[in-house]
Amino acid sequence: MPAPALMVLATLLFATMGVCVKLASEFYAASEIVMYRGLVGMTAMALLTRQQGISLATKLPGMHLWRSISGVTSLCLWFYAIGKLPLATAMTLNYMSSVWMALFLLGGAVLMGAQKLDWRLMASVLLGFVGVALILRPTLDQQQLWHGLAGLLSGMLAAMAYLQVTALGRAGEPELRVVFYFSVGGALAGALITAVTEGGLQTHTLWGAALLLAVGLLATAAQVCLTRAYAIGRPLVNACLQYLGIVFSFGYGMLLFKDPLTWQATVGMLLIIGAGLIATMLRAKVAPPPKDSQFNPNES
Numbered sequence: 001m002p003a004p005a006l007m008v009l010a011t012l013l014f015a016t017m018g019v020c021v022k023l024a025s026e027f028y029a030a031s032e033i034v035m036y037r038g039l040v041g042m043t044a045m046a047l048l049t050r051q052q053g054i055s056l057a058t059k060l061p062g063m064h065l066w067r068s069i070s071g072v073t074s075l076c077l078w079f080y081a082i083g084k085l086p087l088a089t090a091m092t093l094n095y096m097s098s099v100w101m102a103l104f105l106l107g108g109a110v111l112m113g114a115q116k117l118d119w120r121l122m123a124s125v126l127l128g129f130v131g132v133a134l135i136l137r138p139t140l141d142q143q144q145l146w147h148g149l150a151g152l153l154s155g156m157l158a159a160m161a162y163l164q165v166t167a168l169g170r171a172g173e174p175e176l177r178v179v180f181y182f183s184v185g186g187a188l189a190g191a192l193i194t195a196v197t198e199g200g201l202q203t204h205t206l207w208g209a210a211l212l213l214a215v216g217l218l219a220t221a222a223q224v225c226l227t228r229a230y231a232i233g234r235p236l237v238n239a240c241l242q243y244l245g246i247v248f249s250f251g252y253g254m255l256l257f258k259d260p261l262t263w264q265a266t267v268g269m270l271l272i273i274g275a276g277l278i279a280t281m282l283r284a285k286v287a288p289p290p291k292d293s294q295f296n297p298n299e300s
């Protein structure tokens with residue numbers, strides 16, 4: 001399959017994963033879903049690395065640890081937001097990671113004493129936060145502010161994880177190894193959080209177990225498509241197509257969950273997509289990451 005087709009398929013699979021997470025959240029806590037998602041991902045990555053002859057031994061355990069802390073925390077918050085908010089809203093807030101990256105670049109420029117800041121980056125950040133304000137306005141009316149803030153924070157932590165993934169890629173770590181240790185971190189952290197906050201694991205029904213398995217398999221299949229797309233395609237084209245995940249989630253939310261269509265949320269999503277595209281293109285010119293690290297850290 002050509003790279004654009006792989007990218008579209010990956011975004012559809014990730015959106016479908018979001019549907020399964022939302023359905024599973026009726027039976028399981030977000031941390032427990034993260035745990036099972038990590039177990040499936042860990043198993044799949046172990047098989048793939050063995051098939052491709054890639055060793056799982058690493059000389060950078062500390063970097064993997066910090067990447068897992070930010071990535072797993074982001075994933076828990078994201079899954080929590082998916083369970084509590086309209087699907088497209090939760091997905092869009094997480095996709096704010098590109099705007100957070102632009103804000104980090106601006107902050108770095110200020111700390112380095114830059115005499116002139118890129119007004120285009122500043123505009124993309126402002127545009128993104130205007131979109132957030134429009135999206136969160138309905139949640140404020142419904143006393144769901146924390147759920148919205150959780151989704152927003154997941155995007156910020158995803159941006160931090162992106163920086164750590166970039167550093168691992170530049171240090172020579174294969175992506176499959178990075179994903180494996182992230183999955184291990186998700187399985188361990190999810191189990192620990194579930195034991196502390198929920199008192200233990202939930203008993204399974206056939207439907208619940210099927211949803212958990214679907215979350216892991218869909219995420220893994222989507223990651224393989226995403227990885228292949230970035231390996232053979234143009235990074236900027238792929239980054240733009242990745243925002244189709246919001247469109248797919250919007251459709252799923254209306255069809256399956258009867259999520260309301262408001263003009264504020266629609267305009268907010270469009271603003272965030274526009275801000276993310278601008279920030280992605282500008283960031284690629286300023287500091288293009290290595291090809292093997294170009295993927296959404298929250299979805300790996």
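In the numbering used here, the protein residues as written are 1 to 300.
The C-beta atom is built at its ideal place from N, Cα and C for all residues, glycine as well.
Given the structure is predicted, the values throughout are model-derived calculations rather than measurements.
Taking the continuous alpha helix (DSSP H) assigned at residue i, which residues delimit it?
i                 : result
phenylalanine 248 : 244–256
proline 174       : First-last for proline 174: undefined, no H or E at that position.
proline 310       : Missing from the structure shown is residue 310; the chain here goes from 1 to 300 and no further.
tyrosine 230      : 206–232
proline 4         : 3–24
isoleucine 33     : 30–51
methionine 91     : 87–94
Using the beta-carbon count (16 or more within 10 Å), is residue i buried or exposed?
i              : result
arginine 170   : exposed
alanine 5      : exposed
leucine 13     : buried
methionine 122 : exposed
alanine 57     : exposed
glycine 190    : buried
valine 40      : buried
methionine 306 : In the structure displayed, the chain extends from 1 to 300; residue 306 sits before or after that span and is not available.
isoleucine 232 : exposed
methionine 1   : exposed
serine 55      : exposed
proline 86     : buried
valine 179     : buried
tyrosine 227   : In the sequence on display, residue 227 carries threonine and not tyrosine. Buried, because 16 or more other Cβ atoms sit within 10 Å of the Cβ of threonine 227.
tryptophan 207 : exposed
glycine 62     : exposed
valine 305     : Residue coverage of the chain in this structure runs from 1 to 300, which leaves residue 305 outside it and unanswerable.
valine 34      : buried
glycine 199    : exposed
tryptophan 100 : buried
glycine 107    : exposed
alanine 275    : buried
glutamate 173  : buried
glycine 251    : exposed
glutamine 164  : buried
leucine 105    : buried
alanine 209    : exposed
arginine 234   : exposed
leucine 136    : buried
List the whole-angstrom C-beta distance separating residue i from residue j, where the pair is believed to meet the contact cut-off of C-beta under 8 Å.
i              : j              : result
isoleucine 272 : valine 132     : 7 Å
isoleucine 383 : alanine 10     : Examination of residue 383 is not possible in this model, given that the chain is present from 1 through 300 alone.
glycine 151    : alanine 81     : 3 Å
alanine 3      : asparagine 238 : 6 Å
alanine 187    : asparagine 94  : Not really, about 21 Å apart at Cβ, beyond 8 Å.
serine 183     : glycine 18     : Going by Cβ atoms, the distance from serine 183 to glycine 18 rounds to 18 Å, so no, they are not a contact pair.
serine 98      : alanine 279    : 5 Å
For residue i versus residue j, is the C-beta spacing smaller than 8 Å?
i              : j                : result
valine 21      : glycine 71       : no
leucine 134    : glutamine 264    : yes
alanine 24     : leucine 176      : no
methionine 156 : glycine 128      : no
threonine 194  : alanine 29       : yes
leucine 282    : alanine 102      : yes
serine 154     : tryptophan 78    : yes
threonine 92   : methionine 254   : no
arginine 37    : alanine 219      : yes
alanine 229    : methionine 45    : no
alanine 167    : serine 74        : no
glutamine 202  : phenylalanine 27 : yes
> Whole alpha helix (DSSP H) runs in the stretch 96–138 with 4 or more residues, listed along the chain?
Replying inline: 97–111
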